[in-house]
Structures are given as structure tokens and as C-alpha cells.
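Chemist: For reference, the structure I am asking about is given below.
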Ligand SMILES: Nc1ncnc2c1ncn2[C@@H]1O[C@H](COP(=O)(O)OP(=O)(O)O)[C@@H](O)[C@H]1O
Ligand SMILES: [Mg+2]
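The following block contains the structure:
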């Protein structure tokens, strides 16, 4: 019974931990835990659905409990060309320092240097692996960008490639072209406006709650044309993939629950059956049938509780160890586009409560039938059994 | 408490048959027997003569095929399962051939068990357990488990368990069969002492000649019938 508890608890801890790792990796790769946009931007992005009051917004975000970092962004499409080659590029204006605090962009740099914050406008870009490949860009190349400004004018300018990003498995950023927020605002004639704020809070599972409270606070301060969305709503496809993967894992967990239940069944049946003689003696000595029934149930419950306590201690130690050191997968698995080679556990209440409930109730349910039989046994025959 | 000489257990034309495959075996033929308060009775007879069957019917552990068993003048067939359990708990002590102590309980707990289900208070239980452990000479073994005792010691625990709840009668099915003759003699002497000093009625089965000699009344069974009773 202890073994079953520990197995189940570890499985829960690892599966939750692995999803946590994937979601953290994903959200910190680009999306953030929640995002702020002008109403409707996400459904139908437009250069004009922008955020303008940077000061007021930042004040509300800073007030949010659990906020770790946040970064403003500007988006637009452009044509990028070098020599005779031309390609579509997605322009993203970022605050280099804030972005580096919020996402893992700096770590995705393959060649060259990351952007620096500075007071003057820098015409430097960091390009995605796809764009670099199509245009044969190198660090130092000068690329021409042609886009359309918010005032309707065609803008074009020359930018120096400062860095090139790695081709990620999750290759959303293949045609991205990052530049400093101020450079983007100038290029797109956007004054000091921008499109998006990505926010990281202390835990991705708190994103929903943080989104609700930020929405409330913004409304209170009169900014009711803004939309705050947690990552599951921003990245619906990824979220659905996670839900789907979790469903797959649930089948695994059900199998484990069945194994645990069979283990418990085995233990309980064995202890009750091998004690048939004793129950015969107890009946002969004058124990009422129903008293015997309750004695057996109570004893099983006691056994289950002891197993749960021991199991809890063991799996707490084990889960804690796995949450720190992880377990290496012999064959890396792919979850939502991320390759997982090491699984980490997660310590959370459900990983201990779930197995406790399963262990306790299977023990009780499983003991009802043999307890009922023990109640009906013929003491003479039961005592002959030894 | 009932008076000496009153019937504790009585049978009226009791018969018991078993099905052994297709064949019906008559273990006890119509039998009339009465056990009186204060007696020290041995039931003797060869193996298969029906001794165990008779004891099981008398204690209500088994039901007769026909005829009636009375305990304290009351027919068993009129008693509910709980009444029968309570009757055994309060009026009958058992000693089994293979001791049948509960292995997970200590000696003290084994002895205490019946008093526990009788609802006797903790302090009273402890007093009685300590007294009886002294009586059977196991005062130092109270916290051991049955498996840590010899066969003779285990059977003395079984006697203590049977006596401690102060039953009217103690039924013992071949209590000495698994013991060597010296231990068996000690045990019978202990039972005799309890019979004489505490007035406990004993009814035991045996096929040990020397033990029959100690008995005050000897019933001899053969092929499920009483051959002699005196
Ligand atoms: N449960 C049973 N099923 C079938 N036959 C039985 C059963 N118990 C006892 N018998 C038969 O009843 C007869 C009397 O047995 P028993 O009362 O055990 O005798 P004793 O105790 O004197 O050795 C024997 O022939 C035995 O084989
Ligand atoms: Mg027998």
C-alpha cells in the first residue's frame, strides 16, 4: 500500500512538474504569463489599436502582486532585403533590458550581440534564423526595411544586423526582426505608442488571477479600453496542445491508479484471508457478527492511514529530490514542441491528497466484501483452517 | 449465578449428519445429555466418535440436524445470532486443541479480549488479567506474543482467557492433545483446582486414558452414540 501511494504521488508530481517546465519554458520564451493589449488587438491586430499611456499602465502593473517583470512591444510587418533578395519580416520593437528580464531572448542569441538600451535611436536589429537564412544575413550586414507608418507614409531605412537568433524547435520567431522600441516607433511613425505588454508573474498558474485583478485595477483607474489576457487565452493553440497532452497523461495516471488499487486489494485480501482462523476464534469467543465486521473495517482503515502517513513521508522526500535533481529521460520526449530530457517533480498538495484518497477508499471498499464474509463464517470451519 | 446441580447445557434427541461427498455420515445419533453446574466431565472416545461435534453443538457453534440444544433451559433455536454470541461471551469459556490464541495480540491482550467486548472497565480488566496470569504461572510473560511461548504455556494462556470472564462452563476440545504428558498432567491439575476453588464447570473431550482418570464424570462415545456415562 505504501508502494502504491509513493508510485502514484511520484507520477502526479512528475507529470505536473513536466507540464510546469514546458509551460514555463514556453511562456518565458516569448509570450509571458499575461499580456495587455488594446481591446480586440489579439483577434485582429492593427497598427492603430495601440496603447498610449505608458506611465499610467506601468503604475498599475507595478502594483500587481507577484509581478516579476514586464516588457512593452510594437509589432508591424515589413519587407526586408539585402542585395537582390527580399523577404517578409515581422518587426518587433522591444525595450532591450525589459525584454531580457521578461523572456529568454538573450539566451536564444546564436551570433552577435544583443541590443542595448540607449538614449539615442539605434538602427540595429536582431533577426530570426529563418530571415537570416533567406537573406544570407551575417552579423554586420546592412539590411533594408520597407514598411508602412501609422501616418500612411511608406518608410524605409537601413539597419545593421547586430545578432542572429537560434532556430528554435518552436520556430515561431523565424522571421522576427527585433529592434529597439524607439527605433520602431520612429520607423513606424508611432510617437510613443506601442501594442503590447508581456508580464511575468511568480507562477504561471497565477496568470488567470493576475489578469482578473489587473483588469479590475485598470477599469478603476479609467482605462477600460484595454484587454488583459492570461497565456492560455493568448496562446490558445499551445494551451490546447497542453490540455491534450495532459489528457494523454491522464490515461497513464488511470493505469497507475488501477495498479495502486490492485496492490491495495491484494494487501487487504491477503491480510483478511490469512486471518480467517482468527476471525473464527473471535466469533467463537462471543464477538457479535456486526462487531467483527466493523473491527475488520476499522483495522483496514487504520492500516490504510498508517500506509498513507509512511507513504506521505517517503514520497515527500522523493518528490522533493526529483523536483531538485530531476530524472533523465532515456529517450527525450516532445511536449508541445519542447524536447524534454529531464523531468522535474512538482511539490503540490494534490500529489499527496490524490493518492491518499485513492489508497484510503480502495482499502475500505475492498475490505467490505471479505469483512462481510468474515461476519458470516462458520467458526468451526474457520478454526479448522490452521 | 445459577445453583450447583442445575442444568447448564442439555440436549434433547440431538442428531448431526454431515454430507461427505454423496454420502451422508451420521456423526451423532439421537443423543440426550445434560451437563450440570459444578461438574468436571470428560468425554472420551476414539477419533471420529463425535466428541468435537457434540461440543460444537452444545456451545451453539454448530446447528444440529434435528433435536434441540438448551442452554440455561432455553432452546438455542429460539436465539438470534447476537443472543447466541452474547451467550457464548458471557457464559461459556473455550479451550481449543490448537490453543487458537490471536497471534497479533500479546498474552495480556488475548486474555483481556472477552472482557473488552463485555464492556468491563479498564482497571477491572487489568486486575483480573494480572490475577489470572499469577494463577496460571505466567505473570512474567504478559507482554509476550503467543509465538514466543511454548505449547504448554500457550495452552495455559488459553485457560486464562477462558476463565477470566468468569463463565459458567468451560468447554475444552482435546486441550492436551498437542502437549506432552507431563504438561498435560499439569494442565488437568490446574483445571481441577479451578473447578474446586472457583466452582467452574468443565466439559472436555479427550482420548488420553490418564486424563480420563482425573475426571469426576466420564462419558464414553462410540460411533456417535453414548457407550457409557458415569
Ligand atoms: N465438517 C465435516 N464434514 C464432514 N464430516 C465431518 C465433519 N466434521 C466431522 N465429520 C465426521 O463426523 C464424525 C465425527 O467427527 P468428530 O466429531 O470430529 O469426532 P472426534 O472429535 O471424536 O474425533 C467423523 O466421522 C467425521 O469424519
Ligand atoms: Mg475432535
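Chains as they are written, first to last, in my numbering: chain A, 1 to 386; chain B, 1001 to 1230.
Cβ coordinates follow ideal geometry from the N, Cα and C atoms, glycine included.
Remember, predicted model here, so these are calculated numbers, not experimental data.
Scan the segment 1077 to 1089 of chain B for residues whose Cβ lies nearer than 8 Å to a Cβ of chain A and list them as they occur along the chain.
Modeler: Residues 1081, 1082, 1085, 1086, 1087, 1088 and 1089.
Chemist: Where does residue 1208 of chain B sit, in a helix, a strand or coil, going by DSSP?
Modeler: Three-state result, residue 1208 of chain B: coil.
Chemist: Given a cut-off of 7 Å on the beta-carbon distance, is the pair residue 99 of chain A and residue 78 of chain A in contact?
Modeler: No, Cβ-Cβ distance for residue 99 of chain A and residue 78 of chain A is not below 7 Å.
Chemist: The alpha helix (DSSP H) spanning residue 357 of chain A covers which residue range?
Modeler: Taken as a continuous stretch (DSSP letters only), the alpha helix (DSSP H) holding residue 357 of chain A covers 350 to 376.
Chemist: What residue range does the alpha helix (DSSP H) around residue 217 of chain A cover?
Modeler: Segment 207 to 220, the alpha helix (DSSP H) holding residue 217 of chain A.
Chemist: Say the cut is 6 Å; is the CB of residue 1051 of chain B nearer than that to a heavy atom of ligand 2?
Modeler: Yes, the beta carbon of residue 1051 of chain B sits closer than 6 Å to at least one heavy atom of ligand 2.
Chemist: Is the closest heavy atom of ligand 1 to the C-beta of residue 15 of chain A under 6 Å?
Modeler: Outside the cutoff, so no.
Chemist: Residue 218 of chain A: which of A:53, A:47, A:9 and A:359 sits nearest, CA to CA?
Modeler: The option with the nearest alpha carbon to residue 218 of chain A is A:53.
Chemist: Look at residue 125 of chain A and residue 161 of chain A and say whether their C-beta atoms are less than 7 Å apart.
Modeler: Yes, they are a contact pair.
Chemist: Thinking residue 292 of chain A and residue 283 of chain A are a contact (beta carbons under 8 Å), I'd like their distance in whole angstroms, please.
Modeler: Going by Cβ atoms, the distance from residue 292 of chain A to residue 283 of chain A rounds to 6 Å, so yes, they are a contact pair.
Chemist: Reducing DSSP to helix, strand and coil, say where residue 1090 of chain B ends up.
Modeler: Looking at residue 1090 of chain B - three-state DSSP - the assignment turns out to be helix.
Chemist: Taking a cut of 7 Å between CB atoms, which residues from the segment 1157 to 1184 of chain B lie near chain A?
Modeler: Taking 7 Å as the Cβ-Cβ cut-off against chain A, none of the residues of the segment 1157 to 1184 of chain B qualify.
Chemist: Hey, out of B:1032, B:1229 and B:1055, whose CA is closest to residue 1217 of chain B's CA?
Modeler: Checked all of B:1032, B:1229 and B:1055; the closest Cα to residue 1217 of chain B is B:1229.
Chemist: Would you say residue 1132 of chain B reaches chain A, if we count a Cβ-Cβ gap shorter than 7 Å as a contact?
Modeler: Answer no: the Cβ-Cβ gap between residue 1132 of chain B and chain A never drops below 7 Å.
Chemist: Please determine, among A:319, A:308, A:345 and A:326, the residue with the shortest C-alpha to C-alpha distance to residue 353 of chain A.
Modeler: Nearest option by C-alpha distance: A:308.
Chemist: Could you give the DSSP three-state label for residue 144 of chain A: helix, strand or coil?
Modeler: DSSP places residue 144 of chain A in strand when its eight states are reduced to three.
Chemist: Report the option in B:1009, B:1219, B:1094 and B:1137 whose CA atom is closest to the CA atom of residue 1037 of chain B.
Modeler: Here the closest residue by C-alpha is B:1009.
Chemist: Extract the residue ranges of the alpha helix (DSSP H) inside the segment 1157 to 1195 of chain B, only unbroken runs of 4 or more that lie entirely within it.
Modeler: List check, alpha helix (DSSP H) in window: nothing returned.
Chemist: Of the residues that make up the segment 257 to 274 of chain A, which ones have a beta carbon closer than 8 Å to any beta carbon in chain B?
Modeler: Going along the segment 257 to 274 of chain A in chain order, one finds no residue with a Cβ nearer than 8 Å to chain B.
Chemist: Nearest-angstrom Cα distance between residue 1075 of chain B and residue 361 of chain A?
Modeler: Going by the C-alpha atoms only, they are around 43 Å apart.
Chemist: Can you look up residue 1043 of chain B in the DSSP assignment and give me helix, strand or coil?
Modeler: Three-state result, residue 1043 of chain B: strand.
Chemist: Using a Cβ-Cβ cutoff of less than 8 Å, which residues in the same chain neighbour residue 297 of chain A once the five nearest sequence positions on both sides are dropped?
Modeler: Excluding positions up to five away in sequence, the list reads 364, 367, 368 and 371.
Chemist: So residue 1061 of chain B contacts chain A; which residues on that side make the cut at Cβ distance below 7 Å?
Modeler: Under the 7 Å cutoff, chain A gives 284, 379 and 380.
Chemist: Taking only runs that begin and end inside the segment 87 to 162 of chain A, name each unbroken beta strand (DSSP E) of 3 or more residues, in chain order.
Modeler: Here the runs fully enclosed are 109 to 112, 124 to 127 and 142 to 148.
Chemist: Rank A:17, A:8 and A:102 by C-alpha distance to the C-alpha of residue 326 of chain A and give the top, closest one.
Modeler: Checking every option, the nearest Cα to that of residue 326 of chain A belongs to A:17.
Chemist: Cutting at 6 Å between CB atoms, please list the residues of its own chain near residue 193 of chain A, excluding the five before and the five after it.
Modeler: Here the set comprises 50 and 52.
Chemist: Quick one: is the Cβ of residue 1059 of chain B within less than 6 Å of any heavy atom of ligand 1?
Modeler: Outside the cutoff, so no.
Chemist: Whole angstroms are fine: how far does the CA of residue 257 of chain A sit from the CA of residue 1181 of chain B?
Modeler: If I take the Cα positions, the gap works out to 57 Å.
Chemist: Smallest Cα separation from residue 1148 of chain B: which of B:1101, B:1193 and B:1114?
Modeler: Nearest option by C-alpha distance: B:1101.
Chemist: Quick one, are the C-beta atoms of residue 207 of chain A and residue 34 of chain A less than 7 Å apart?
Modeler: Yes, these two residues count as a Cβ contact at 7 Å.
Chemist: Would you say residue 1048 of chain B touches ligand 1, meaning its beta carbon is less than 6 Å from a heavy atom?
Modeler: Flag set: Cβ of residue 1048 of chain B near ligand 1.
Chemist: Under the rule that 16 or more other beta-carbon atoms within 10 Å means buried, what is residue 1023 of chain B, buried or exposed?
Modeler: Exposed.
Chemist: So which of A:328, A:379, A:375 and A:312 has the shortest CA-CA distance to residue 347 of chain A?
Modeler: Selected option, being the one with the closest Cα: A:312.
Chemist: Taking the alpha helix (DSSP H) that residue 1220 of chain B falls in, what are its first and last residues?
Modeler: Here residue 1220 of chain B belongs to no alpha helix (DSSP H); instead the beta strand (DSSP E) covers 1217 to 1222.
Chemist: Counting only beta-carbon separations shorter than 7 Å, does residue 1204 of chain B have a partner in chain A?
Modeler: False, the Cβ-Cβ gap to chain A never drops below 7 Å.
Chemist: Just curious, the beta strand (DSSP E) that residue 199 of chain A is in, first and last residue?
Modeler: Unbroken beta strand (DSSP E) run through residue 199 of chain A: 196 to 201.
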